[in-house]
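Okay, so here's the structure we're looking at.
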Amino acid sequence: MRDRNSLERNFRTKFETLNRVHLTDSEFSRLLEEIIDADVFASSKRLRGINTFMREDGTPLQYMLVNIKDWCKNDYEVINQLRINTNNSYHRYDVILLINGIPVVQVELKASDVSPRRAMQQIVDYKSDTGNGYTNTLLCFMQLFIVSNQANTYYFTNNNDQYFSFNTDEQFLPVYQYATESNRKITHLDAFSTAFLSKCTLGEMINRYMVLVVSEQKLLIMRPYQIYAVKAIIDCIHQNRGNGYIWHTTGSGKTLTSFKASTLLKDNPDIDKCLFVVDRKDLDRQTREEFNKFQENCVEENTNTGTLVRRMLSDDYADKVIVTTIQKLSVALDSSNKNNYKDRLIHLKDKRIVFIFDECHRSQFGYNHKAIKEFFPNAQLFGFTGTPIFEQNATYTKISGEQASYKITEDIFPSRLHAYTIHMLSRTKTSYVSMSITLSPKRQVTAGQMVRSRSKRW
């Protein structure tokens, strides 16, 4: 595949196979007209959704562009030196990765003595051209860009123009470098390709760990440490390994991490409810607004304990993830409360319920933890904290007049599932790529150098 026509023919084959349909030529032309959209956010939603196309005989076709139920089962391909000739745009792209015939990742390669910053500028220039391929061809579905001079490799999301440019300091943000679970950067192209570009990993990155921020109409991709934290929680639940905590320093984006963990659990059939618990009313509102910023109408407000109880008892999909305060939850589980909330919740007693605590400090110690575990014996508790309590910084031994059973974080959350400390943050802040560019004769770096050990199909 080296041109627009061959790209579209390949997509047609993949589309018809996935959706078990044969389109006429005129239907396929009309399908392209409907799905190609200059709006990156709209195209990204369509990529992840189930869509409707009206066929020539008047019957609706419910279709997917990719297998959104199992991204590993899509067809993955690598193409190089694609040239999209459109009005005023005659660019040639080094390497493009296709999922089910859809271009989703573009890789721009530079010689070892050229800064990756030049590749970023090149992509910005490509997207700025009138009539460019990103606005009126299948390239509109591009999700990620990768730039590398082999020694240094960076990646960043595609976005509409207002979120896709260099700032006043001539820095392109946000740009990331991938890392291991222990936060060691993976910078070399070969190592990055192995870690990031395997079929299932890439599909997972696009499907699970990119966020479409509805309120701002932009795409985000989670940082590596956020991804590892979410995976750790999901794995712990899948294996039913008890409670655990995530130690992520202040300013590391815990809200986004906890949002992703909560929403992925929403689609887990083994989990009956997921409660995200904060310790103050203002944090309840703030967290709810943040969650709904990431995904519109993701969670509703619990105006009082009665509303919380009603939503806990609800079988509606919209009520599977609930944001609440520890105070409302305590009232709901209080046997002496005149509204008998605890009795109403009795049929949830043996359900699998996940509690995620934001800033899991002393408000969860003692009575609250005991009440939750006694009433929900099958529950799993997870805590997010930037300041875990250890023996050396535990300041008291009694809670509510009784000898404390719990005084440090690991008393309640025995397993540290992932850590990203202040020291790690200072070493690995969002990458800035220097303006410095070594001016030297351009050496052509072919896609074959990147995929020499790979076939055209993963």
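By the working numbering, the letter at position 385 of the sequence shown is numbered 388, and the numbering carries on one by one without gaps. All residues carry an ideal CB built from backbone N, CA and C; glycine is no exception.
Residue i versus residue j: straight-line alpha-carbon distance, rounded
i, j, result
"residue 204", "residue 293", "27 Å"
"residue 379", "residue 353", "6 Å"
"residue 260", "residue 351", "27 Å"
"residue 384", "residue 280", "10 Å"
"residue 98", "residue 112", "8 Å"
"residue 18", "residue 25", "9 Å"
"residue 391", "residue 411", "8 Å"
"residue 434", "residue 159", "A caution first: residue 434 carries a pLDDT of 48, below 50, which makes its placement in the model unreliable, though a value can still be read off. One C-alpha to the other measures close to 10 Å."
"residue 4", "residue 80", "10 Å"
"residue 66", "residue 102", "15 Å"
"residue 250", "residue 421", "6 Å"
"residue 87", "residue 136", "6 Å"
"residue 328", "residue 274", "21 Å"
"residue 2", "residue 413", "A query on residue 2 cannot be resolved here, the shown segment of the chain reaching from 4 to 461 and no further."
"residue 9", "residue 15", "10 Å"
"residue 237", "residue 96", "37 Å"
"residue 118", "residue 35", "37 Å"
"residue 464", "residue 29", "As shown, the chain starts at 4 and ends at 461. That puts residue 464 outside it, with no answer to give."
"residue 22", "residue 76", "13 Å"
"residue 463", "residue 41", "Because the chain spans 4 through 461 in this model, residue 463 falls outside it and cannot be assessed."
"residue 6", "residue 229", "38 Å"
"residue 53", "residue 61", "19 Å"
"residue 333", "residue 270", "27 Å"
"residue 125", "residue 169", "12 Å"
"residue 373", "residue 255", "30 Å"
"residue 210", "residue 282", "31 Å"
Nearest candidate by alpha-carbon position, reference residue i, set the options
i, options, result
"residue 244", "235, 252, 251", "235"
"residue 320", "276, 312, 330, 351", "276"
"residue 381", "359, 371, 355, 389", "355"
"residue 94", "43, 128, 74", "128"
"residue 49", "322, 107, 268", "107"
"residue 326", "212, 228, 314", "314"
"residue 219", "296, 74, 418, 126", "296"
"residue 85", "142, 78, 268", "142"
"residue 330", "162, 316, 311, 70", "311"
"residue 387", "262, 348, 55, 51", "262"
Residues bridged to residue i (per DSSP)
i, result
"residue 63", "57"
"residue 277", "324, 357"
"residue 383", "357"
"residue 388", "250"
"residue 418", "247"
"residue 85", "96"
"residue 423", "251"
"residue 43", "In DSSP, residue 43 forms no bridge with anything."
"residue 160", "147"
Buried versus exposed call for residue i [16 or more other C-beta atoms within 10 Å across all chains shown]
i, result
"residue 208", "buried"
"residue 165", "exposed"
"residue 105", "buried"
"residue 308", "buried"
"residue 224", "buried"
"residue 47", "buried"
"residue 151", "buried"
"residue 242", "exposed"
"residue 3", "Summary: the structure shown does not reach residue 3, with the chain confined to residues 4 through 461, and so no result is reported for it."
"residue 247", "buried"
"residue 341", "exposed"
"residue 323", "buried"
"residue 335", "buried"
"residue 305", "buried"
is_contact[residue i, chain C] using C-beta, thresh 8 Å
i, result
"residue 184", "Included in the structure is just one protein chain, with no chain C present."
Report the residue ranges of all beta strand (DSSP E) runs contained in full by the region 185 to 265; include only those spanning at least 3 residues, in chain order.
213 to 216, 221 to 224, 247 to 251
What are the start and end residues of each continuous beta strand (DSSP E) run of 3 or more residues lying completely inside the region 316 to 350, in chain order?
324 to 328
Every unbroken beta strand (DSSP E) within the region 99 to 157, with a cutoff of 3 residues, ordered by chain
105 to 112, 147 to 151
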